[in-house]
Amino acid sequence: KTPSYQSYIHAAYIQADGSVLNLVQAGSGLLSSYAPRTKLPIGKGFGSGLFQVSPPFGREMLVVLAGRRPVFSAPRPDHETERDFLPGLREALAAPTDQDVIAAYDALVTTEK
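Just so you know, we're using the numbering used here here: the sequence shown kicks off at 1051 and counts up by one.
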C-alpha cells in the first residue's frame, strides 16, 4: 500500500544468488506515480501478485521504496547485481534533497516445490 501522499514506487527483489530484479519503478512503462493509499500487488503480470521462483533457492528479499519523486534519478536496469544496486541505492538516499522516502521489506526463504 502506498503512503498517504502521491508517490513513486520502486520495488526490487534481491535473489539468493545476489541478482536484483527491479520489478516496479518510475519510467518503466507503468504509472508514473500512484495515488495515496493505493494497494499494489506485485508479481507476474503486475497485478496478479504471483511470483515463480527458480534456483538457486534460499534467503531472498523484496524491498519496496516510496518517494514524493522517483527514488533513483534514472531507471535502473531490469536485472542487475546487488553490487551495482546497493551502491546506487546508497547514492540515491544520500543525495541532498527534501525527498521523503519510506521503505518496507519482506525477507523470505525460497525452496524447490
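Beta carbons: idealized from backbone N, C-alpha and C, even for Gly. Since the model is a prediction, treat every value here as computed from it, not as a measurement.
Between ILE1064 and GLU1130, how many whole angstroms is the CB-CB distance? I'm expecting something under 8 Å. Position 14 of the sequence shown, counted from the first residue, corresponds to residue 1064. Position 80 of the sequence shown, counted from the first residue, corresponds to residue 1130. That pair is no contact at about 10 Å.
Rounded C-alpha distance that separates ASP1150 from TYR1055: Taking the sequence shown and counting its residues from 1, the one referred to as residue 1150 is at position 100. Taking the sequence shown and counting its residues from 1, the one referred to as residue 1055 is at position 5. Each residue's alpha carbon lies about 10 Å from the other.
Pairwise C-alpha distance: ALA1076 and SER1082: By 1-based counting over the sequence shown, the position of residue 1082 is 32. By 1-based counting over the sequence shown, the position of residue 1076 is 26. Roughly 5 Å between the two C-alpha positions.
Only counting the same chain, and skipping five residues up and downstream in sequence, which positions put a Cβ closer than 6 Å to that of HIS1060? Your numbering for residue 1060 matches position 10 in the sequence shown. Excluding residues within five positions, the ones whose Cβ falls inside 6 Å are GLN1075, LEU1115 and VAL1121.
If we require 3 or more residues per run, which beta strand (DSSP E) segments fall completely within the region 1120-1145? 1129-1131
VAL1103 versus THR1088: straight-line alpha-carbon distance, rounded: Sequence index remark: in the sequence shown, residue 1103 carries index 53 (1-based). Sequence index remark: in the sequence shown, residue 1088 carries index 38 (1-based). Rounded to whole angstroms, VAL1103 to THR1088 spans 26 Å at the Cα level.
Would DSSP call ARG1109 helix, strand or coil? Within the sequence shown, residue 1109 is the residue found at index 59, counting from 1. Of the three classes helix, strand and coil, the one that applies to ARG1109 here is strand, per DSSP.
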